[in-house]
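All remarks here apply to the structure that follows.
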Amino acid sequence: MTAVLPTTDATPDTDVPEVDRASWSSRAGALLVDVLPGAAVIVTMGLLALASPADGWARWAFTGAAAVALFATAVNRLMLPATTGWTLGRALCGIAVRHSAGSGAGSDAGSDAGAAVGIGRLTLRECAHLLDTLAVFVGWLWPLWDRRRRTFADMLARTEVIGVERPARNVRRLVALVLITAAVVCAAAAGVAYLTVYKHERAVDAARAQIDEQGPRIVEQMLSYSADTLAADFARAQGLTTDAYREQLVAQQQAAQKAGIKSNEYWAVSHAVLTDPPITPDRASMLLAMQGQRGDDPQNLKFITATVRADFDRSPSGQWQVANLTVLKKPQMNPAGQ
1 MTAVLPTTDA TPDTDVPEVD RASWSSRAGA LLVDVLPGAA VIVTMGLLAL ASPADGWARW
61 AFTGAAAVAL FATAVNRLML PATTGWTLGR ALCGIAVRHS AGSGAGSDAG SDAGAAVGIG
121 RLTLRECAHL LDTLAVFVGW LWPLWDRRRR TFADMLARTE VIGVERPARN VRRLVALVLI
181 TAAVVCAAAA GVAYLTVYKH ERAVDAARAQ IDEQGPRIVE QMLSYSADTL AADFARAQGL
241 TTDAYREQLV AQQQAAQKAG IKSNEYWAVS HAVLTDPPIT PDRASMLLAM QGQRGDDPQN
301 LKFITATVRA DFDRSPSGQW QVANLTVLKK PQMNPAGQ
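In full-length UniProt numbering, the protein residues as written are 1 to 338.
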């Protein structure tokens, strides 16, 4: 008596339905087209924003352009595939992301196999690409030897990339337009950065050099005067100040006249251009250590030491003028010889 065992048509779990799975090169090409233009704009704008003055409009403009590029990249990678079935790069390469079409118990088989992927799963897949990158980029190379040509992100999101017929529209022209636009935007931003950032930095460097050279002389001339040429010296000092500070200087000069004028001569023995507040092409500050002498009798001169801070503004004619003078250490007077 012979026992006949029933046969089954079960397929081993390792069997995978044959579909036209996308090659690694086509996937890489599609990813470059999808990501490279936006990444180029984002990186360029980010670097230019960091190099721009913190209080200038250029930093906000570059940051806004980077945000627009990031949004456009997200729309292309997440929203377009969910609505049209394509990203720009995948349409060019003739590939598409689909639900995994596995078989056997515990596999991805089901009614969704081969169906288009929704925005939620696409978002999960994009986030999961972080695993492909953190694994020393091994996940991106995994399709080269995986039987179903999946990345780690595909395995996690239960998707696979297959070859499909390209859309009827002229995708190459659209891709070329996107690439050219990204290149033009980057070039235009570099030009704007040259005009607003590089030229600004050069102007700041020039202002620093001018104040370093002219600042001590301006303060010396403003504080020095002789009893014999008082009117001319006071008029010269007033011409070295801004309109806003001139009234305060005139009041000080009038008080000195009432107290009895004695000749004063100052000179700067050391100085430093301050960086707080930041130097601008039209504004700068300086710290000065001053020495001088006071008196009209050569036999009875008094030596003076003082520390002052001078704030400078550039006039419309390009001349540096004292906008404020603050005495940090009041003048100390010693008789000659002490």
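Note that CB positions come from ideal geometry on N, CA and C, so glycine has one too.
Please read all numbers here as calculations on a predicted model, not as lab measurements.
Between the CA atoms of residue j and residue i - distance to the nearest angstrom
| i | j | result |
| --- | --- | --- |
| A190 | T123 | 32 angstroms |
| Q319 | A72 | 48 angstroms |
| L328 | A306 | 8 angstroms |
| A22 | T159 | 12 angstroms |
| W86 | L80 | 6 angstroms |
| E201 | R77 | 39 angstroms |
| P281 | V184 | 30 angstroms |
| N324 | A182 | 48 angstroms |
Residues near residue i by beta carbon distance below 6 angstroms, same chain, minus five either side
| i | result |
| --- | --- |
| W60 | none |
| S26 | C93 and I95 |
| Q293 | E265, L301 and F303 |
| R166 | G94 |
Cβ pair residue i, residue j closer than 8 angstroms
| i | j | result |
| --- | --- | --- |
| A66 | V33 | no |
| R309 | S285 | yes |
| G139 | D146 | no |
| A128 | A168 | no |
| L144 | W24 | yes |
| V322 | T241 | yes |
| G163 | D20 | yes |
| T196 | G56 | yes |
| V175 | L88 | yes |
| V204 | I279 | yes |
| V117 | V97 | yes |
Residues near residue i in its chain [Cβ-Cβ closer than 8 angstroms; skip 5 each side]
| i | result |
| --- | --- |
| A193 | L48, A51, S52, A58 and F62 |
| R172 | L92 |
| K330 | A306 |
| E126 | R77, L78 and A153 |
Residue burial classification, residue i (beta-carbon count within 10 angstroms, cutoff 16)
| i | result |
| --- | --- |
| R217 | exposed |
| M222 | buried |
| A268 | buried |
| Y198 | exposed |
| I211 | buried |
| V136 | exposed |
| T326 | exposed |
| V219 | buried |
| D233 | buried |
| S317 | exposed |
| G260 | exposed |
The ligand FMN heavy atom lying under 7 angstroms from the CB of residue i
| i | result |
| --- | --- |
| A232 | Questions concerning the ligand FMN fall outside what the structure shown contains, since it holds no ligand whatsoever. |
Interface flag, residue i vs chain C, CB-CB below 8 angstroms
| i | result |
| --- | --- |
| A284 | No chain C is present in this structure, which holds just one protein chain. |
Complete beta strand (DSSP E) runs within the segment 247-331 (minimum length 3 residues, chain order): 264-273, 283-294 and 302-314
What are the complete alpha helix (DSSP H) segments, minimum 4 residues, inside the segment 119-192? 119-134, 138-141 and 152-157
Every unbroken alpha helix (DSSP H) inside the segment 50-78 [4 residues or more]: 57-74
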